[in-house]
Structures are given as C-alpha cells and as structure tokens.
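For my numbering, add 1 to where a residue sits in the sequence shown, where the first one is 1.
Glycine is no exception: its CB is placed at the ideal position from the N, C-alpha and C atoms.
Working notes, beginning with the structure itself.
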Amino acid sequence: KTGKIIARRRTMRGLHHQLFMLILGAFSRSASSFSHGHAAARLMAVHRRPSSSPQRARSAPLHSSAEDDEADTLNLDDERLYQVTLPASTGIEWGGDLQLRWVRVLGFEDGSAAPYEGVKKGDQLVCVDGESTVGESLGDAIALFREARLRRSGGDDSVELVLFRGTAEQLQDLVTGAAAKAGKDIGPLRQDQEAEVTVTVVDATTPKAAPRVLKCAPGTNLRNLLVEKGISPYRSMTRWTNCSGKQLCGTCIVDVQAGAGGCSRKGVDEASTLRQNPETYRLSCVTDVYGDVTVEVQGKVGAEQWTR
Numbered sequence: 002k003t004g005k006i007i008a009r010r011r012t013m014r015g016l017h018h019q020l021f022m023l024i025l026g027a028f029s030r031s032a033s034s035f036s037h038g039h040a041a042a043r044l045m046a047v048h049r050r051p052s053s054s055p056q057r058a059r060s061a062p063l064h065s066s067a068e069d070d071e072a073d074t075l076n077l078d079d080e081r082l083y084q085v086t087l088p089a090s091t092g093i094e095w096g097g098d099l100q101l102r103w104v105r106v107l108g109f110e111d112g113s114a115a116p117y118e119g120v121k122k123g124d125q126l127v128c129v130d131g132e133s134t135v136g137e138s139l140g141d142a143i144a145l146f147r148e149a150r151l152r153r154s155g156g157d158d159s160v161e162l163v164l165f166r167g168t169a170e171q172l173q174d175l176v177t178g179a180a181a182k183a184g185k186d187i188g189p190l191r192q193d194q195e196a197e198v199t200v201t202v203v204d205a206t207t208p209k210a211a212p213r214v215l216k217c218a219p220g221t222n223l224r225n226l227l228v229e230k231g232i233s234p235y236r237s238m239t240r241w242t243n244c245s246g247k248q249l250c251g252t253c254i255v256d257v258q259a260g261a262g263g264c265s266r267k268g269v270d271e272a273s274t275l276r277q278n279p280e281t282y283r284l285s286c287v288t289d290v291y292g293d294v295t296v297e298v299q300g301k302v303g304a305e306q307w308t309r
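Put into structure tokens, the structure is as follows:
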C-alpha cells in the first residue's frame, strides 16, 4: 500500500508538472505572437479596394488628390505598429475623438480574445483586413468590419487588424512625417477640435432650478466630472455604500437626455445592469463624453438598483 501511495504521489507530481509546462507554453506562445506581430503598414491613397492577398493585409488608403495608387504609397515602419488576427466579432469596444474619428480601443467585452493577443486600451486602429481607418469615422470603421465579414468564405470567421500603440496625435505625426519624407501630399489629417465639451446637468429633485453647466475636455469620465463638481449621481444610501467608481456597484445612474451620440458606447455588461431602466440611462462611471450632452441626475431607477 505504501508503494502504491508513493507511486500515486509521483504520478500527481508529474501531472502537475505537465500542466504547468502547458500553461507556461501557452503564455510563451501568446507573448511570441505579440512580439513578432510588428507590422510595417503600407498606406495607400485615393481608392479603397478589397484585400486580395496576405501581402495586402497591411495596406491602407489615405485621402489624396493623386491618381496613381503606387505613386501615393507610403511605407510606415514603426515599432509601435503591430498586427493581430481576431475573430470577426472582436469583442472590442471602439471609440474615437470628438468628431468620432481616429478610431481607438476603449475597452473589451467579456470573453474577448483581443487582450490575450496583446491589444490594449487606447491603441489606435490603422487597418481592417488591409483597408485603412486612418482619419476615418467610427461609422466607416464599423462598415469595414461588416465588409470584411462578408468577404470571408469557407467558414473563416476572422479579421486581420493593424493597430498602433500610441495616441491619435502620435499616429498623425507618423503618417505626416512619412508623407513629408516621401514628398507626397496626403491632405490634412487633423481637424480643429473644440477645446472643451459642455455637460448640462439637470437635477430631477429640483426641476425648477436652473441646470448646471459644466465644461470639460473631450473624453472626460462623466462620473468623475460630476463628483468633482459636487454633483452626486447616487441616490439615498448608495451615496455612502457605492464602489467609488470602480465599476462594481451599478448605482451611479444618470439619464442622458440629449447628445447620447457624444458618449462612449454602452457595453453589454452596462446594458444588462440597467435592463430595468430606459435606454437613455447610463452608468456614469463607464461613460466618457466627447460631445455636448445633457444629463439628468437623481431620476427614478428600476427596483433592482436598490438591492445592489
């Protein structure tokens, strides 16, 4: 019996060792796929054409007045560019600047493979299956994802992305610098942006009082802005029992009465938390403002919010 017990222990140690090596190998492969995912993106002008080969997967068009595609090809070779292949349903929450251009990663849905492939919040989207999103609107980028899915055949439900690890301004500088070095005119990439956003706050408990008008930079978190200005998005006891903006309690609810398009997109978890409330209701801790909005605080909420 003693011999059998010792043998079993050795077997278990062997299994544990194998499991550890499998996990270590998975992490190593993940790290390797990201470190070797550096992409030299070729930025092409004028015409948007479907990717016809793997070599075109790092091609992207820019606006230009020229007529020759090859004459207006820019070669970007920068260590901040990288390439990943993800399921067509990437599980990435996308956002943009004040004009909803310069598409970037805002966050990830539960179960998204993107973080495990090295994608991080704030990374700029450069290409979708070889089609450029540089300077394009969020709506145009989403349309590219749809087109990419339609082009796939044979059950290949994946999409190839080129992203940039940096800010929109840094990506703009990279592109304009490459264009200047090549002596090519790609037109203006930047648009003048408003220096600040206006957030008008209405308090449901004092409907006759004048709304408060707050000013902030584009991309400001709504909950942080309200709390900083002494306006509570919480009700009753949740003023003291809330999670302090850690996205755990689901009680910092506001009603975006106007300008919802100027806010970051509502995620799946947020929608589930607010399912007993009107569609315009948002959790202020996960809502960033990029355009002028009007929000109401202290409005009525679903019964489930009081039990959280």
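Query	Result
Just tell me which of V296, E280, T134 has its CA closest to the CA of P212.	V296
Taking R150 as the reference, give the member of P88, L82, D289, V269 with the closest Cα.	P88
Given this structure, state the Cα-to-Cα distance separating R59 from L101, to the nearest angstrom.	The predicted model places R59 with a pLDDT of 37, which falls under 50 and marks its position as unreliable; any figure quoted below should be read in that light. Rounded to whole angstroms, R59 to L101 spans 23 Å at the Cα level.
Can you check whether the CB of C264 is closer than 9 Å to the CB of V294?	yes
Around the C-beta of P234, are 16 or more other C-beta atoms found within 10 angstroms, so that it is buried, or is it exposed?	buried
When DSSP builds the beta bridges, which residues end up paired with E297?	V203, D256
How about V203 and L215: are their beta carbons less than 9 Å apart?	no
Return the Cβ separation of V85 and E118 in integer angstroms, given the expectation that the two are a contact with Cβ distance under 8 Å.	5 Å
Hey, how far is the Cα of G167 from the Cα of L249?	29 Å
Ordered along the chain, which non-local residues of its own chain (more than five positions away) have a Cβ less than 8 Å from that of P279?	D256
Please identify the residue among V104, G136, D289 whose C-alpha is closest to the C-alpha of A261.	D289
Could you check whether L82 and V1 sit closer than 9 Å to each other, using their CB atoms as the reference points?	This structure cannot speak to residue 1, because the chain is shown only from 2 to 309.
Measuring straight from C-alpha to C-alpha, what distance separates G300 and V198?	23 Å
What number of angstroms, rounded off, separates the C-alpha of F165 from the C-alpha of G251?	33 Å
Would you report the Cα separation of E115 and T134, rounded to the nearest angstrom?	Glu is not the amino acid found at residue 115; the sequence shown has Ala there. Whole-angstrom Cα-Cα distance: 18 Å.
Does the beta-carbon distance from C286 to K230 come in below 9 Å?	no
Skipping 5 residues on each side, what residues in its chain have a beta carbon closer than 6 Å to that of N222?	D289
Quick check on W103: does DSSP put it in helix, strand or coil?	coil
Can you pull the DSSP bridge partners for W95?	V106
Taking the alpha helix (DSSP H) that K273 belongs to, which residues open and close that run?	In the sequence under discussion, the amino acid at residue 273 is Ser, which differs from the Lys named in the question. 269 to 274 is the span of the alpha helix (DSSP H), which, as asked, contains S273.
Could you give the distance in angstroms between the alpha-carbon of G313 and the alpha-carbon of A304?	Lying before the first or after the last residue shown, residue 313 is absent from the chain, which here runs from 2 to 309.
What do you get for G112, buried or exposed, if any count of 16 or more other CB atoms within 10 angstroms of its CB means buried?	exposed
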